[in-house]
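*Asks:* Protein chains in written order, with the numbering used here: chain A, 5 to 205; chain B, 49 to 428.
Structure in structure tokens, see below.
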Amino acid sequence: MNIYLDLFLTFAKVGVCTFGGGYAMLPILQREVVEKKGWATDEELTDYFAVGQCTPGIIAVNTATFIGYKYRGIPGGVLATLGVVFPSLVIITAIAAFLSNFADIPVVQHALAGINAAVVALIASSVVKLGKSTLKNGAAITIFLCVLALAVTGNLANFDTGAYGALGTVLDALTSPAVLIVLAGIVGFLLYGRKKGGEGK
Amino acid sequence: MIYLRLFFEFAKVGLFAVGGGLATIPFLQDMGARTGWFTNADLTTMIAVSESTPGPMGVNMATYVGFHTGGLLGAVLATLGLIAPSVIGPASCFHCPHRRRRTVCGPVGAGDHWRGCGAYLHGPLARRDPMRGSVRVYALYSPEKAAPGGFHCGRRCDRRGVSILREGPRRAVGKKFKKDGTFFRNRRPTVWRTRRGSIKSENGGSHFMKKALSLALALAMTVAALAGCSGKSGGAAAKTPEELTKLYTDAITANGGEAVEYNPVVTEVKEGDDSAMLLEFLGLKAEDMTAFGISMSLMNVNAYAIAAIMPAEGKADTVKEALQTYKESQMTSFEMYLADQYDIAKNAKLEILEDGTVLLVMCADQDTVYDAIVKAIQAG
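Here is the structure:
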């Protein structure tokens, strides 16, 4: 089979089998890519996954791009990525089209209300889990609290320029997620960078 | 240009959301609030669907929002937007732009000569040798397998597993390092090793690359964030008063219901009709407004007024207060008189939209009409 088609189809298969986030993808990737195709070793896969987690973008997509790129250069990376998103595109489009036709029916609405409540709980549990593994030292907790305070303020108060003037613009920018992430990155770089330098001496 | 906007909005999410699909949620909330494409309740449904269907969650969310907003093409473009930074990011990480030779760095993998020996290749060592043309250097290290004789894959290398390979036609020539680890021309190479699972560089050489790369990435992210923020306020200013007038007229005429037929939209103050009286009723002055579209009933049996107004510079509060006063006066006049009209006046919606438009909707079924008009104004 054409190698590129093979890449696309293999990653499409991984995409179909992945439920939930990118974490659910690791065992499937391991089976398909390492055991069946031999495109990467176990160690490599773990490395790619780790890099995929800390580079911008979604883990699943990043990992697919890495493996495809390593195996067959840029076309390989692009095709593996398209393969991963292809099933989602088809399935979600079908569901979204279906749901928008039925969303007005009371039965569906009530079911969705129940499901939505469950989603909030599930997200909260993920947050707790993530927090346990991430918030291990003072610096991390400080950053967490600062960002949380800013984000909550941004959600509660709507700083429009009309009411607050130039200050409103600044506050509005400061509470947007993108700016918060970049700021947290810079603060982390400074805090941890200094710490490491100290240990070295 | 909703498709282009979808693509770039999601490219921004893809660029900033570090981690899994859950990390995209705050960005999507922000996007929903800014663009009005979906509400928070819609978002919760989307999360539920995305989590319970096959596929990575972030991708599912992008597809769902894209479809919700722009149909099939929207779904495709939102997804492509989301993955664009991923495809570009890792590719540029693995490409070391060193001395015009691009070399792959990372674990040794399928297709490499050193496959299976658990070693690392590192690219920034590649450099041009003026005598011999391009030379690609692989620094390899594998403590477990650095037994006499080198790697089990049979290639020549020294005991530490460090070797260079000259790139040539179907020929890989191993050249040894000196025992103290120096290169034969007194150049210290950067050796990446795997020991206790960590990857370290032996000297500082490659730290510079890493720092430069992360700095460039941070810079790109900051620029993108600034661009995203400035785009927010830039939209309204681009429209001329004539365009705004037309936009308001169309939005109100199309969504105002049958009451608009009896009360055509007024957009300018003219001699000889009711327009001057209408503004007086609302407590507005023509010079406070850049553009406006107003459809309202002057008869005292209906609480009906739909007004979209772009205030003049700095007059937003003046205009909003005037409309608020009008709303209260309507409530007072209907309170003892017509209960149903009192309710309409009381439930009237008065908001400043994100593009600066002050919008008053006082009519039956005001929520639907309000949402439709907001959508129409934002789409224009």
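Don't be surprised by glycine CBs; every beta carbon is placed ideally from N, CA and C.
If you're wondering where the values come from, they're calculated on a predicted model, not measured in any experiment.
Alpha carbon to alpha carbon, how far is L330/B from L292/B? Give it in angstroms, no decimals.
*Replies:* So the alpha carbons of these two residues sit roughly 20 Å apart.
*Asks:* Name the chain A residues whose beta carbon is nearer than 8 Å to that of V97/B?
*Replies:* I96, I99, A100, L103, listed in chain order.
*Asks:* Measure the C-alpha to C-alpha separation of F55/B and A126/B and round it to an integer number of angstroms.
*Replies:* C-alpha separation (whole angstroms): 5 Å.
*Asks:* Taking 8 Å as the CB-CB cut-off, is T416/B touching chain A?
*Replies:* No, its Cβ sits nowhere closer than 8 Å to a Cβ of chain A.
*Asks:* Hey, is C150/A's beta-carbon within less than 8 Å of any beta-carbon in chain B?
*Replies:* Answer no: the Cβ-Cβ gap between C150/A and chain B never drops below 8 Å.
*Asks:* Which first and last residues belong to the alpha helix (DSSP H) in which T297/B is found?
*Replies:* Residues 289-303.
*Asks:* Straight-line CA distance for G61/B to A128/A?
*Replies:* Reading off the sequence, residue 61/B comes out as Val, not Gly. C-alpha separation (whole angstroms): 21 Å.
*Asks:* Would you please verify whether the beta carbon of P289/B is less than 8 Å from any beta carbon of chain A?
*Replies:* False, the Cβ-Cβ gap to chain A never drops below 8 Å.
*Asks:* Looking only at its chain, what residues have a beta carbon closer than 6 Å to the beta carbon of Y75/A, apart from the 5 residues adjacent to it on each side?
*Replies:* Closer than 6 Å at Cβ, skipping near neighbours: W43.
*Asks:* Got a sec, what are the start and stop residues for the alpha helix (DSSP H) F58/B sits in?
*Replies:* Its alpha helix (DSSP H) spans residues 50-64.
*Asks:* Identify which residue in A351/B, A387/B, T380/B, S381/B has its Cα closest to the Cα of L408/B.
*Replies:* If we check each option's Cα against that of L408/B, A351/B comes out closest.
*Asks:* Could you spell out the range, first to last residue, of the alpha helix (DSSP H) harbouring I63/A?
*Replies:* 63-106 is the extent of the alpha helix (DSSP H) around I63/A.
*Asks:* I need the straight-line Cα distance from D160/B to E402/B, nearest angstrom please.
*Replies:* Annotation note: pLDDT 39 at D160/B (below 50); position unreliable, no value reported.
*Asks:* Helix, strand or coil: which one does DSSP assign to S323/B?
*Replies:* DSSP places S323/B in helix when its eight states are reduced to three.
*Asks:* Measuring only the C-alpha atoms, how far is T301/B from C411/B?
*Replies:* Each residue's Cα considered, the two are about 14 Å apart.
*Asks:* Alpha carbon to alpha carbon, how far is L86/A from G103/B?
*Replies:* In a straight line, the C-alpha of L86/A is about 12 Å away from that of G103/B.
*Asks:* Name, please, each residue of chain A whose Cβ falls closer than 9 Å to the Cβ of I434/B.
*Replies:* No information on residue 434/B is available, as it lies outside the stretch 49 to 428 that chain B covers here.
*Asks:* Determine, for V124/B, whether the minimum Cβ-Cβ distance to residues of chain A falls below 8 Å.
*Replies:* For V124/B, the answer is yes, since a Cβ of chain A falls inside 8 Å of its Cβ.
*Asks:* Starting from G80/B, trace the alpha helix (DSSP H) in both directions and tell me its first and last residue.
*Replies:* Where G80/B is concerned, the enclosing alpha helix (DSSP H) stretches over 73-83.
*Asks:* From the DSSP secondary-structure annotation, give me the bridge partner or partners of A339/B.
*Replies:* DSSP lists M358/B as partners of A339/B.
*Asks:* Drop a sphere of 10 angstroms on the beta-carbon of P110/A, count the other beta-carbons inside from all chains shown, and report buried for 16 or more, exposed for fewer.
*Replies:* It is exposed - the Cβ of P110/A has fewer than 16 other Cβ atoms within 10 Å.
*Asks:* Could you give the DSSP three-state label for V20/A: helix, strand or coil?
*Replies:* DSSP places V20/A in helix when its eight states are reduced to three.
*Asks:* Taking K397/B as part of the beta strand (DSSP E), name the residues at either end of that continuous run.
*Replies:* Run containing K397/B: 397-400, per the beta strand (DSSP E) assignment.
*Asks:* Give every residue of the same chain whose Cβ lies closer than 8 Å to the Cβ of K375/B, excluding the five residues on either side of it in the sequence, and list them in chain order.
*Replies:* The answer, listed in chain order, is A393, A396, L398, L408, M410.
*Asks:* Confirm, please, whether the CB-CB distance from S98/B to N108/B is below 8 Å.
*Replies:* Yes, the pair counts as a contact, with Cβ atoms nearer than the cut-off.
*Asks:* In this structure, how does DSSP classify G115/A when only helix, strand and coil are distinguished?
*Replies:* As written in the sequence, residue 115/A is Ala, which differs from the Gly given in the question. In this structure, A115/A counts as helix in the three-state DSSP scheme.
*Asks:* So, for A68/A: in the same chain, excluding its five sequence neighbours on each side, which residues have a beta-carbon less than 6 Å away from its beta-carbon?
*Replies:* The answer, listed in chain order, is F15, A84, T85, V88.
*Asks:* What's the C-alpha gap between A353/B and S345/B?
*Replies:* The alpha-carbon atoms of A353/B and S345/B are separated by roughly 6 Å.
*Asks:* Contact criterion: CB-CB distance below 8 Å. Does P312/B meet it with respect to chain A?
*Replies:* With 8 Å as the cut-off, P312/B does not count as an interface residue toward chain A.
*Asks:* Am I right that M337/B and I357/B are in contact with their C-beta atoms under 8 Å? What's the rounded C-beta distance?
*Replies:* 5 Å between Cβ atoms; contact.
*Asks:* Let me know the secondary structure DSSP gives P440/B once reduced to three states.
*Replies:* Residue 440/B lies beyond the stretch modelled for chain B, which goes from 49 to 428, so this question has no answer here.
*Asks:* Kindly give me the distance between the Cβ atoms of H116/B and D90/B, rounded to whole angstroms, as I take these residues to be in contact under 8 Å.
*Replies:* H116/B to D90/B, Cβ: 7 Å. Contact.
*Asks:* Does the Cβ of E290/B have 16 or more other Cβ atoms within 10 Å, making it buried, or fewer, making it exposed?
*Replies:* That one is exposed.
*Asks:* Would you tell me roughly how many angstroms separate the C-alpha atoms of A81/B and V38/A, rounded to the nearest one?
*Replies:* When rounded, the distance between both Cα atoms is 43 Å.
*Asks:* Can you tell which of F340/B, V406/B, N303/B, S343/B has its C-alpha closest to the C-alpha of D413/B?
*Replies:* Ranking the options by Cα distance to D413/B, first place goes to N303/B.
*Asks:* Could you spell out where the alpha helix (DSSP H) holding V55/A opens and where it closes?
*Replies:* Counting along the chain, the alpha helix (DSSP H) containing V55/A begins and ends at 46-58.
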